[in-house]
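What follows is a single structure, written as structure tokens, with notes after it.
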Amino acid sequence: MPAITVRNLRKTFQLKRKAAGLRGSLRALWRPTYESIEAVRGLSFEMDDGELLGFIGPNGAGKSTTIKILTGILHPSGGEAAVLGHVPWQERQALAFQIGSVFGQRPQLWYHLPALDTFYLFGKIYELDDSFLRQRISFLAEAFEIEELLETPVRKLSLGQRMRCEVAASLLHKPRVLLLDEPSIGLDVVAKQRLRATIQRMNELEGVGVLLTSHDAGDIETLCRRVIIINHGEIVYRDKVSALKRRYLTVKTVDVRYNEQLAPDFSLPGVEMVKVGRYGAKMRFDTRVTPVEPVISGLAAAGSLADVTVSEPSLEDVISAIYARTEV
Amino acid sequence: MGRQLAFVLALWKTNLLSAMEYRVAFLTQVFGMMLNNALYFVFWIIFFARFEEINGWNLVDMLFLFGVVATGFGAGTYLFGNAVRLSSLIASGQMDYYLSLPRPVLLHALASRSNASSAGDFTYGLISFGAAIYFSGSFGSLMLLRFTLGCLASIAVLISFLVLVQSLTFWIGNTSLLTRHAFNAIVTFSLYPITLFDGTAKLLLFTLIPAAFIGALPAEFVRRFDLLQLAQICAGGAVFLLLAVYVFYRGLRRYESGSAIQVRM
């Protein structure tokens, strides 16, 4: 049975419209006008038990709204959803005992207190047995490498340390599904890597399913086996991350350097020359149009090679390309 | 019920731990509020030095009134500190936190903050009650019981009123200004002798601005037992509580969340 099932989910917000300036404000006061904004437009997808599913999209795509509906925070305007067999907006409390959630912009930890105090409070909120809670804190502290941080007031932790404590707090009650909304927002590269590694480890150790939204394609590339890309509240792509890369990583960029001067009219058939210098060149080609072999042979035939670098676009570039294609 | 009590006790303990992180600020607010209340009461001391009573109320009645209102107000807003911030919590999308945890949203939200200055109100209320006992020369365990009951009823109506006003945020947007006016009105009217009002004004104090249930009625009940007054304060507390819970949860369905960056204090 899938951990999450979503069918034709919709959410519409009423947005008050107001023209700029005093006149606009007065008019809005007298005769307010509202506009319907469709944040989520008929989303349908499933997430398996224990799966790591990436849910990505640009700002305003509907990612956070979807996650908020799935945690029972928001009521949808239409459609169906079930998380671990519960309809989130109807069985919010029962569901909350079985899922954990982390919102990057909405901390759960009490700012002026050490994380340990929030952990004990969560023990009461989730009705955890005292001995279980102690064991669990000890286990998570080791897994997340936060033993030394638990007694420090949260306000004195770095963002990366705080986020590890946040995710640990959301796992105290051993949830079956973890909903992570932008957990890596604002983190530096090292902190991101540590957070990703810990999430992956918890997935392997406890089989906790993770629905992850992120702006950072690296989060999805490292953690998720499957990805759903949404834009304007609709799914524009869904497949395995590996398939996404295979399908869209067909454009290769080649940087080449020679031991001798290149001919001024240096070019290769089917290859776009980005820049040609005296001793080297940068070029681009699509493997669906031009196979790799003749390009490499052509480069070798042009002179004595000093260095060749072939690179692929980053996942971020791929996703940007997908977004661009779906712009309305 | 026991589960919710354990949870609320844990929340209050966490609030206390948070307040103790800044002991000097906490104590300053407590003593500041006590001084503020004492200065306000000086007005009534001067008044009753010139006039013996006003429509049947004397200085000792006022001490009882201040005792009940300040104790109830202090305890209510200390234990349910977010009762004065509910509107901004709703408008800025901060209810997300309470909605994502497996507890009753309203109870969780209200009890998640303690106002340090409320401890000053509470202490001042007890001192006022002690002074009322001293000057009236009447005391007994039954009076203590009536005082406790009166304060509980006062807390129930005060918090319910604040929840009701701020639940309007779900329909009309941020009601911070309205809340401030409603808050000032309920506190001001609850600290006047009820006998000053009659007709429509009195009706308002039992309905739209239920100050009578917060101050005069419980204070009179504390002074002398009256079965009808007991029934009135209990019914008032229950009705306003049920109404507040009903309206809040109706409004919660319209909650639209938000994306503002938040901090849990």
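From first to last, the protein sequence lines are chains A and B. Residue 1 is where the first sequence starts when you use full-length UniProt numbering, and the numbers rise one by one after that. Residue 1 is where the second sequence starts when you use full-length UniProt numbering, and the numbers rise one by one after that. Where is the CB? At the ideal position from N, CA and C, for every residue including glycine.
With its beta carbon at least 9 Å from every one in chain A, B/Ala109 lies outside the interface. Scanning its chain for C-beta atoms nearer than 6 Å, with the 5 sequence neighbours on each side dropped, one finds around B/Leu162 the residues Ala83, in chain order. The CB of B/Ala10 comes closer than 7 Å to the CB of Leu121, Lys124 in chain A, given here in chain order. Taking the Cβ atoms as the reference, B/Leu11 lies roughly 5 Å from B/Ala111, within the contact range of under 8 Å. Rounded to the nearest angstrom, the gap between the Cα atoms of B/Ala244 and B/Leu228 is 24 Å.
The Cβ neighbour count for A/Arg136, taken over all protein chains shown within 10 Å, is at least 16; the residue is labelled buried. Taking 9 Å as the threshold, the shortest C-beta distance from A/Leu53 to chain B does not fall below it. Under the criterion of beta carbons closer than 8 Å, B/Ala119 and B/Val30 qualify as touching, at roughly 5 Å.
Note that the C-beta distance between A/Arg10 and A/Glu38 is below 9 Å. Where A/Asp286 is concerned, there is no enclosing alpha helix (DSSP H), although the beta strand (DSSP E) around it starts and stops at 280-286. The alpha helix (DSSP H) runs of length 4 or more contained entirely in the region 10-63 of chain B are, from start to end of the chain, 23-50.
The beta carbon of A/Ile4 is closer than 6 Å to those of Met47, Val83 in its chain, skipping five residues each way along the sequence.
Rounded to whole angstroms, A/Val295 and A/Asp317 show a C-alpha spacing of 23 Å. Assigned with DSSP and collapsed to three states, A/His86 falls in strand. Close to A/Ala96, with beta-carbon spacing below 7 Å, are these residues of chain B in chain order: Ser100, Leu101, Pro102. For A/Ala94, the closest alpha carbon among the candidates B/Met34, B/Ser92, B/Asp96, B/Pro102 is that of B/Pro102.
Counting only residues of its own chain and dropping the five nearest sequence neighbours on each side, A/Pro107 has a CB closer than 8 Å to the CB of Val154, Arg162, Glu166.
When Cβ-Cβ separations below 9 Å define contact, A/His112 makes contact with chain B. Assigned with DSSP and collapsed to three states, B/Phe183 falls in helix.
For the 9 Å CB-CB criterion, A/Thr213 and A/Glu182 form a contact. Below the 7 Å Cβ cutoff, chain A contributes no neighbours of B/Arg23, its closest Cβ being approximately 12 Å away. By alpha-carbon distance to A/Glu148, the top candidate from A/Cys224, A/Pro114, A/Pro76 is A/Pro114.
Listed in chain order, the positions of the region 69-84 of chain A with a beta carbon within less than 8 Å of a beta carbon of chain B are Thr71, Gly72, Ile73, Leu74, His75. The Cβ atoms of B/Phe197 and B/Leu205 sit closer than 9 Å to each other. The same chain holds no residue with a CB closer than 7 Å to that of A/Phe139 once the five nearest residues on each side in sequence are set aside. B/Ser154 places its beta carbon 9 Å or farther from that of B/Phe80.
Annotation for A/Leu179: the continuous beta strand (DSSP E) segment containing it runs 177-181. Excluding five sequence positions before and after A/Tyr237, the CB atoms of its chain that fall closer than 8 Å to its own CB belong to Val227, Ile228, Ile229, Leu244, Ile322, given in chain order. The beta-carbon of A/Pro183 is placed no less than 9 Å from the nearest beta-carbon of chain B.
Not a single C-beta of chain B is nearer than 9 Å to the C-beta of A/Arg10. Going by beta carbons, B/Leu99 and A/Arg196 fall outside the 9 Å limit.
Assigned with DSSP and collapsed to three states, A/Leu187 falls in coil, not helix or strand. In this structure, B/Ala109 sits away from B/Leu241, with a CB-CB distance that is not shorter than 9 Å. Beta-bridge annotation (DSSP): B/Ile159 is not paired with any residue. For the region 13-39 of chain A, the beta-carbon criterion of a distance under 7 Å to any beta-carbon of chain B is satisfied by Phe13. Against A/Asp117, the close residues of chain B are Thr14, Leu17, in the order they occur along the chain (beta-carbon pairs closer than 7 Å).
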